[in-house]
Amino acid sequence: WINDTQRYHAQAIERYVYDLVMRCEYLSPVRVDFKYHQHVFSLSDALPYGRWAINRFEDIAYESVRTSQAPERPEARARIDTSLASQDRERFFTNLYRDEDWRVFQYLRGYILKMERGEDGANHFHCIFFFDANNRRSYSINRIIEVIGARWERATGGRGFIFNCHNDRYQTMLRTQGRWALEPFNIENEQQIERLAQYLVDYFAKEKGQAVHIKPSPKSRVLNTGKIN
1008 WINDTQRYHA QAIERYVYDL VMRCEYLSPV RVDFKYHQHV FSLSDALPYG RWAINRFEDI
1068 AYESVRTSQA PERPEARARI DTSLASQDRE RFFTNLYRDE DWRVFQYLRG YILKMERGED
1128 GANHFHCIFF FDANNRRSYS INRIIEVIGA RWERATGGRG FIFNCHNDRY QTMLRTQGRW
1188 ALEPFNIENE QQIERLAQYL VDYFAKEKGQ AVHIKPSPKS RVLNTGKIN
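Sequential numbering from 1008 applies to the sequence shown in this note's numbering.
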């Protein structure tokens, strides 16, 4: 099952990249990770104390358990609840062109997002956004990331933050390892396209022990792509 899923995601990502570059000849990839603060700002967002168990419908469900000792700093629900994390994702993409971010997002041409869970069980999203590089003089990578980060914070009601995959330290590490591939690319640079596609497959398709265990619904997807004209 894992091998089939990895193969399907890898093929989908490769097709997506080649299709996207055919629609927009010059693209700039911007990669960030959407994350959540570990502890809540308000008790309304706290994950009720409980445990995972098999319910009477033979499904895995989270059951509340009474406890006399409440934790001092409760865990944030969206870190664990994939349904809430999916709702935050939907809010991020709602009305991209109708608020203060339109000056940057008007150049967005596509994106890939994948929900995963870390070793501590926390949900996070690996994300890459493709912007029209013909207009890169109108904005900088840092400006794009600043806008994306502020929008994710608003979409999550302050529960979320981003990791900037273009920061100097992280970028230097990937360059040293020969894995950096987030450079602007055009339709004529076949080698760069292949390099980027492999980079994306490594990050978005390969199983790293971070698969989401429970999805919001049977037909929901943890890997999402989008094209914007």
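A virtual CB, placed ideally from N, CA and C, is assigned to each residue, including glycine.
Keep in mind the model is a prediction, meaning the values are calculated, not measured.
Next item on the list: Answer yes or no: do Ala1140 and Ser1035 have a C-beta to C-beta separation smaller than 8 Å?
Entry: The residue you call residue 1140 lines up with position 133 of the sequence shown. The residue you call residue 1035 lines up with position 28 of the sequence shown. Yes, the pair counts as a contact, with Cβ atoms nearer than the cut-off.
Note to self: Across the region 1189-1204 and the region 1104-1111, are there enough close Cβ pairs to call them in contact, namely three or more that are closer than 8 Å?
What the structure shows: no
Next item on the list: Pull up the DSSP beta-bridge partners for Lys1042, would you.
Entry: Within the sequence shown, the letter at position 35 stands for residue 1042. Bridge partners of Lys1042: Phe1168.
Checklist line | Whole-Å CB distance - Arg1084 paired with Ala1053, under 8 Å assumed | finding: By 1-based counting over the sequence shown, the position of residue 1084 is 77. By 1-based counting over the sequence shown, the position of residue 1053 is 46. Contact holds; Cβ gap of about 7 Å.
Next item on the list: Assuming Arg961 and Leu1189 form a contact by the criterion Cβ under 8 Å, report the distance between their Cβ atoms to the nearest whole angstrom.
Entry: Any answer about residue 961 is impossible in this case: the structure gives the chain only from 1008 up to 1236.
Check: Taking the C-alpha atoms as reference points, what is the distance between Phe1041 and Gly1167?
Finding: Counting from 1 along the sequence shown, the entry for residue 1041 is found at position 34. Counting from 1 along the sequence shown, the entry for residue 1167 is found at position 160. Near 7 Å, if we compare the C-alpha coordinates of Gly1167 and Phe1041.
Next item on the list: Assuming Arg1124 and Val1219 form a contact by the criterion Cβ under 8 Å, report the distance between their Cβ atoms to the nearest whole angstrom.
Entry: In the sequence shown, residue 1124 corresponds to position 117, counting from 1. In the sequence shown, residue 1219 corresponds to position 212, counting from 1. Confirmed, about 5 Å.
Notebook entry, point to check: Around the Cβ of Gly978, are there at least 16 other Cβ atoms within 10 angstroms (buried) or fewer (exposed)?
Noted result: With the chain represented from 1008 up to 1236, any question about residue 978 goes unanswered, as that position is not in the structure.
Checklist line | Whole-number beta carbon distance between Val1229 and Ile1020, since they are thought to touch under 8 Å | finding: Along the sequence shown, read from residue 1 onward, the residue named residue 1020 stands at position 13. Along the sequence shown, read from residue 1 onward, the residue named residue 1229 stands at position 222. At roughly 13 Å, the Cβ-Cβ gap does not stay under 8 Å, so Ile1020 and Val1229 are not in contact.
Notebook entry, point to check: In chain order, what residues of the same chain lie with their CB nearer than 7 Å to the CB of Gly1165, ignoring the 5 residues before and after it?
Noted result: To locate residue 1165, count along the sequence shown from 1; it is residue 158. Counting only Cβ-Cβ distances below 7 Å, and skipping sequence neighbours, we find Phe1048.
Item checked: Outcome for Thr1163 when other beta-carbon atoms lying within 10 angstroms are tallied against a minimum of 16 -> Within the sequence shown, numbered from 1, the residue matching residue 1163 stands at position 156. Per the 10 Å Cβ criterion, buried.
Margin query: Helix, strand or coil, according to DSSP, for Asn1062 in the structure here?
Written below: Within the sequence shown, residue 1062 is the residue found at index 55, counting from 1. DSSP places Asn1062 in coil when its eight states are reduced to three.
Checklist line | Buried versus exposed call for Arg1158 [16 or more other C-beta atoms within 10 Å across all chains shown] | finding: Mapped onto the sequence shown, residue 1158 falls at position 151. When all chains shown are included, Arg1158 counts as buried.
Checklist line | Under the three-state DSSP convention, the category Glu1190 falls into | finding: Taking the sequence shown and counting its residues from 1, one reaches residue 1190 at position 183. Coil, per DSSP.
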